[in-house]
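Written out below as structure tokens is the structure these notes cover.
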Amino acid sequence: MKIKFYPAFLILIFFIIFLIFYKGLQNPNTYTPSVEIKKNIPEFKVKKFKNEKILNSKDIFLDNKFYLFNIWASWCVPCREEHKYLMKFKKDKNIEIIGLNYKDSDENANEFLNELKNPYDIILSDLDGTIAIEWGAYGVPETFLIHDKKIIKKIIGPINEYSFIEIEEIIK
Amino acid sequence: MKLFKYLAIIFLIINISLANAENINLQNKITKNLRCLICQGQSIYDSDTEFANSLKLVVKQKLENGKSEDEIYSFFQEKYGEWILYDPKFNKNTYFLWLLPVLMFIIGGAIIFKLFIIKKK
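First to last, the sequence lines map onto chains A and B. Each residue of the first sequence is one higher than the last, beginning at 1 in the numbering used here. Each residue of the second sequence is one higher than the last, beginning at 1001 in the numbering used here.
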């Protein structure tokens, strides 16, 4: 009886280890950030675009209102792609668009806005990229839908037709 | 008296640079333990992307504001999730990861002990 116990035990252990690794094989090994989150918006102080005025995040985002927080830069090509959707949101009275100009020069950003028109109600300036880190952003473009000072949706990459419709449904 | 003054100044300079070096060492240690999320396989320390450079700056600012190493890790974990840490913390998702080697060591040791040492006796 004693002789049979060890092989059985060993086989069981190897089987468990095999099962764990086999399951692990099916997990994707690329990082997929979560997009459905209910997190409080971060608190920060930030410089206004083309202005030396320092704004507090508490004064920008008010309760019971929808905000679209969009991180953009003039050097970012996908930002041009999503621009038409931001212009559509501008016509919507239910939502206010806050732009965060990421690692950009005032001159280039101005040119970008003159060329494509300005969809933003307020533009903030993030010269060193640290404010974007506070938001948990990966790069540009990235968009956060905010309601009641909470992030209710996060779009990594440019806004497309699908995400545009999705946001429109939420803010209706 | 003059000599004393000079000595005091030299002592101060050495002290400041030492404190600075310590801070830089800690900063390097922290950034080596943070994963660059947009350039996989690299740490923040190794990477030179916009994302990594901003993260290095945030680590530096947090250290200057007197935040501890653990507080900085918790900050990034809250913002980006567990994945950003190369050295994951012990919690309900990772306990198996941490305990498996210990478990295997104990079971293996028990098998060796039973098979060889008790048999010899």
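From the three backbone atoms N, C-alpha and C, an ideal C-beta is built for every residue, glycine too.
- The beta carbons of S163 (chain A) and K47 (chain A) sit no closer together than 7 angstroms.
- Collapsing the DSSP output to three states places V1059 (chain B) in a helix.
- Of all residues in the region 121 to 143 of chain A, the ones placed with a Cβ closer than 7 angstroms to any Cβ belonging to chain B are D128, G129, T130, A132, I133, G136, Y138, G139, in chain order.
- Leaving aside the five residues that flank K38 (chain A) on each side, the residues in its chain whose CB is nearer than 6 angstroms to its CB run, in chain order, K150.
- Taking 3 residues as the minimum length, the beta strand (DSSP E) runs contained wholly in the region 95 to 141 of chain A are 95 to 102, 122 to 126, in order along the chain.
- The three-state secondary structure of F1116 (chain B), taken from DSSP, is helix.
- In the three-state reduction of the DSSP assignment, T1094 (chain B) falls in the coil class.
- Chain-order list of chain B residues neighbouring K47 (chain A): empty, with the shortest C-beta distance near 15 angstroms, by a criterion of under 8 angstroms.
- For I151 (chain A), the uninterrupted beta strand (DSSP E) run begins and ends at 150 to 156, by DSSP.
- If the five residues before and after V140 (chain A) are omitted, its C-beta is found closer than 7 angstroms to the C-beta atoms of I71, W72, A73, C76, C79, Y102, all from its own chain and listed in chain order.
- Less than 7 angstroms divides the Cβ of I1072 (chain B) from the Cβ of K1062 (chain B).
- Classified as exposed, F1113 (chain B) has fewer than 16 neighbouring CB atoms from the shown chains inside 10 Å of its CB.
- Within the region 27 to 88 of chain A, complete alpha helix (DSSP H) segments of at least 4 residues are found at 57 to 60, given in chain order.
- Collapsing the DSSP output to three states places T1031 (chain B) in a helix.
- At a cut-off of 7 angstroms, the C-beta of V1058 (chain B) has a neighbouring C-beta in chain A.
- Take N64 (chain A), set aside five residues on each side of it, and the residues of its chain with a beta-carbon closer than 7 angstroms to its own are D148, in chain order.
- Interface residue (Cβ-Cβ distance to chain A less than 7 angstroms): K1119 (chain B) is not classified as such.
- I1016 (chain B) sits exposed, since fewer than 16 C-beta atoms from the chains shown fall within 10 Å of its C-beta.
- By the C-beta density criterion, K91 (chain A) is exposed, having fewer than 16 other C-beta atoms within 10 angstroms.
- E96 (chain A) sits away from Y138 (chain A), with the two beta carbons spaced by 7 angstroms or more.
- Of all residues in the region 99 to 116 of chain A, the ones placed with a Cβ closer than 9 angstroms to any Cβ belonging to chain B are Y102, K103, in chain order.
- The beta-carbon of S1054 (chain B) is placed less than 7 angstroms from the nearest beta-carbon of chain A.
- Residues are counted here when their Cβ sits less than 9 angstroms from a Cβ of chain B; for the region 6 to 18 of chain A these are Y6, F9, L10, I13, I17, given in chain order.
- I133 (chain A) sits close to S1054 (chain B), with the two beta carbons spaced by under 7 angstroms.
- In the structure shown, I159 (chain A) falls within a coil segment according to DSSP collapsed to helix, strand and coil.
- Collapsing the DSSP output to three states places I146 (chain A) in a strand.
- Contact of F1051 (chain B) with chain A is assigned, a C-beta pair being separated by under 7 angstroms.
- Residue burial is scored here from C-beta neighbours: V1102 (chain B) has fewer than 16 other C-beta atoms within 10 angstroms and is therefore classed as exposed.
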